[in-house]
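Below: the structure, in structure tokens.
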Amino acid sequence: DVKVTQSSRYLVKRTGEKVFLECVQDMDHENMFWYRQDPGLGLRLIYFSYDVKMKEKGDIPEGYSVSREKKERFSLILESASTNQTSMYLCASSLTSGRNHNEQFFGPGTRLTVL
Amino acid sequence: GQNIDQPTEMTATEGAIVQINCTYQTSGFNGLFWYQQHAGEAPTFLSYNVLDGLEEKGRFSSFLSRSKGYSYLLLKELQMKDSASYLCAGYSGAGSYQLTFGKGTKLSVIP
Chain P
108 DVKVTQSSRY LVKRTGEKVF LECVQDMDHE NMFWYRQDPG LGLRLIYFSY
158 DVKMKEKGDI PEGYSVSREK KERFSLILES ASTNQTSMYL CASSLTSGRN
208 HNEQFFGPGT RLTVL
Chain C
17 GQNIDQPTEM TATEGAIVQI NCTYQTSGFN GLFWYQQHAG EAPTFLSYNV
67 LDGLEEKGRF SSFLSRSKGY SYLLLKELQM KDSASYLCAG YSGAGSYQLT
117 FGKGTKLSVI P
């Protein structure tokens, strides 16, 4: 069964803290994505990666960085958390080729609250 | 990226049929996804249309008109468990693996 897991379902951090959100997929997918989802704004792409050690900025990369040292793992880093980064964070992965190759499989999400 | 538009909210009655529309820019378009997302959960895949026409999958069908930049998701025999947000997402292709998501349509099914 296809599986994308995220390290935490709920996280509470303080302003200024460094925050790591981890995502792991077991489907050997090349592509991995980080989104945030806010009411009325929908899913917005933060960063994505096509391959190990590769990363590309999405629509809202400011205040975030990412790391992809292994194919199965994609980490989102908030260098200095701020209250406007309180959100639901969703990780997804997809294949590069094959049937429905751009179907994205999502993890369960991490609801981050920054106080 | 693409502009994806869909209604914010819809309400329908249990047992009825509902159609959720989605419009998008046709330039740079290569396919359209529909996802279902229950409150507090991750989006899950419903359908993917590349060619014009209707694709049926049980109670759910998805339609695409590439020339009009228009898609809809049709849900038949509505059940209470169909209350969820439905996300329309466009794929541009051309070496890009990103999807551009609409803001989602929150469907409430009432008895």
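From first to last, the protein sequence lines are chains P and C.
Numbering-wise, the first sequence is residues 108 to 222 according to this note's numbering.
Numbering-wise, the second sequence is residues 17 to 127 according to this note's numbering.
The beta-carbon is built from N, C-alpha and C at its ideal position, and this holds for glycine as well.
Quick caveat: nothing in here was measured; it's all calculated off a predicted structure.
- Here DSSP, grouped into helix, strand and coil, assigns P/Gln192 to helix.
- Within its own chain, the residues whose Cβ lies closer than 6 Å to the Cβ of C/Gln22, once the five positions on either side in sequence are excluded, are Cys38, Cys104, Gly118, Thr121, listed in chain order.
- Between C/Leu62 and the set P/Glu210, P/Leu222, P/Val111, the nearest pair of CA atoms involves P/Glu210.
- Taking 9 Å as the CB threshold, C/Leu115 lines the interface with chain P.
- Going by DSSP, C/Glu25 is part of the beta strand (DSSP E) stretching over 25-29.
- Secondary structure within the segment 51-104 of chain C: the beta strand (DSSP E) runs of 3 or more consecutive residues, fully enclosed, are 60-65, 69-73, 76-81, 86-91 (chain order).
- P/Val111 has a beta carbon lying within less than 9 Å of a beta carbon in chain C.
- Annotation for C/Thr39: the continuous beta strand (DSSP E) segment containing it runs 34-40.
- C-alpha of C/Thr42 to C-alpha of P/Glu124: approximately 43 Å in a straight line.
- C/Phe61 reaches chain P at Glu210, counting residues in chain order whose Cβ is nearer than 7 Å.
- For P/Tyr171, the enclosing beta strand (DSSP E) starts and ends at 171-177.
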